[in-house]
Amino acid sequence: MAEQIKFASSTAGDWQVLAIEGRIDTLTAQTAEQEALALLAAAQNLALELESLDYISSAGLRVLLRLAKEAQRSAKAFAIVGVQGLVKEVLAESGMDELFTTVDSVAEL
Amino acid sequence: MGKKEKVHTVANEKNWKVYSATAAGYEQMLADLRDFTTAVGLSAKRQLRLELGFEEAAVNIISYAYVEPGDIYMCLTARSESIVIELLDYGEPFNPLTKRVTRAKELAERELGGLGIDLMRRTFLLMEYSYDEFRGRLGNHLTLIFAIDEKE
Numbered sequence: 001m002a003e004q005i006k007f008a009s010s011t012a013g014d015w016q017v018l019a020i021e022g023r024i025d026t027l028t029a030q031t032a033e034q035e036a037l038a039l040l041a042a043a044q045n046l047a048l049e050l051e052s053l054d055y056i057s058s059a060g061l062r063v064l065l066r067l068a069k070e071a072q073r074s075a076k077a078f079a080i081v082g083v084q085g086l087v088k089e090v091l092a093e094s095g096m097d098e099l100f101t102t103v104d105s106v107a108e109l
Numbered sequence: 110m111g112k113k114e115k116v117h118t119v120a121n122e123k124n125w126k127v128y129s130a131t132a133a134g135y136e137q138m139l140a141d142l143r144d145f146t147t148a149v150g151l152s153a154k155r156q157l158r159l160e161l162g163f164e165e166a167a168v169n170i171i172s173y174a175y176v177e178p179g180d181i182y183m184c185l186t187a188r189s190e191s192i193v194i195e196l197l198d199y200g201e202p203f204n205p206l207t208k209r210v211t212r213a214k215e216l217a218e219r220e221l222g223g224l225g226i227d228l229m230r231r232t233f234l235l236m237e238y239s240y241d242e243f244r245g246r247l248g249n250h251l252t253l254i255f256a257i258d259e260k261e
């Protein structure tokens, strides 16, 4: 089974935006974390654009938490953009939506 | 000598499939689950929800059941309104359903202990654990029942 995750990066003002498409699960979490941490290291602020993310498990939630902690440690801002469907449900159920800055679109960053 | 407990034997032992308790084994289990739920006609939305609960359960077993390489067994059953997933391993007796859930306010301070079990509880109608005899040995037997249609 091929890894079901794709990345695309862009900038919006002083934000680096990493769009993640597909799934962040046990099989893809490490790849997602490495991709996002590398971008965060070079960024002023990091936003994950998750509009096309269909699935996230606790392995993915751990990635989000590590990114938020790393951003805080580096005095950078971290935000999540455009969650929907199951991803939105899981963030709410876990209480994660209270821990991160979440906005509906990149324009709101 | 302590009181001897009655041993329950897993029913329908022939309908189970065995996988290695590894990432590769998990991928094959997920592929088989998808084939099964496609045949049942599960909606795409419910499919994702089922995969979430299944991943949390299966990966927990794969990650923690064995010190040495071991196997995980799976049996899938379709009922009129639900799908039953049974998982079994021969690791040390361990009931994952008793794991403590970490709540949101604790998340920023510590690791996400118990988050997976919380997602399982939110996914399945019913979860049962028992330590049962299966093919001549005692094993951890987890039964997960999932509603085919979302309850309002």
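If you read the sequences in order, they're chains L and S. Just so you know, the first sequence maps onto residues 1 to 109 in this note's numbering. Just so you know, the second sequence maps onto residues 110 to 261 in this note's numbering. From the three backbone atoms N, C-alpha and C, an ideal C-beta is built for every residue, glycine too. Quantities reported herein were computed from a predicted structural model and do not represent experimental measurements.
Nearest-angstrom Cα separation, counted from residue j out to residue i
| i | j | result |
| --- | --- | --- |
| Y238 (chain S) | I254 (chain S) | 12 Å |
| G95 (chain L) | V119 (chain S) | 37 Å |
| L206 (chain S) | S152 (chain S) | 27 Å |
| Q111 (chain L) | I80 (chain L) | Summary: the structure shown does not reach residue 111 (chain L), with chain L confined to residues 1 through 109, and so no result is reported for it. |
| F203 (chain S) | S191 (chain S) | 26 Å |
| G60 (chain L) | T252 (chain S) | 25 Å |
| V17 (chain L) | A187 (chain S) | 43 Å |
| G85 (chain L) | D241 (chain S) | 38 Å |
| E98 (chain L) | F243 (chain S) | 44 Å |
| P178 (chain S) | A132 (chain S) | 12 Å |
| I194 (chain S) | C184 (chain S) | 6 Å |
| I170 (chain S) | L46 (chain L) | 34 Å |
Collapsed DSSP secondary structure at residue i in the structure displayed
| i | result |
| --- | --- |
| Y175 (chain S) | coil |
| V119 (chain S) | coil |
| K6 (chain L) | strand |
| K126 (chain S) | strand |
| I181 (chain S) | strand |
| L228 (chain S) | helix |
| I170 (chain S) | helix |
| E49 (chain L) | strand |
| S140 (chain S) | Looking at the sequence provided, one finds Ala at residue 140 (chain S) rather than Ser. Helix. |
| F78 (chain L) | strand |
Local Cβ density within 10 Å of residue i, reported as buried at 16 or more and exposed below that
| i | result |
| --- | --- |
| N121 (chain S) | exposed |
| S189 (chain S) | exposed |
| E108 (chain L) | exposed |
| A42 (chain L) | exposed |
| H250 (chain S) | buried |
| L157 (chain S) | buried |
| D227 (chain S) | buried |
Beta-ladder partner(s) of residue i, from DSSP
| i | result |
| --- | --- |
| Y240 (chain S) | S:N249 |
| L235 (chain S) | S:I254 |
Bounding residues of the beta strand (DSSP E) (the contiguous stretch that carries residue i)
| i | result |
| --- | --- |
| I24 (chain L) | W15 to I24 |
| I56 (chain L) | L53 to I56 |
| S191 (chain S) | S191 to D198 |
Heavy atom of the ligand SAH within 7 Å of residue i beta-carbon
| i | result |
| --- | --- |
| D141 (chain S) | The ligand SAH is absent from the structure shown, which contains no ligands of any kind. |
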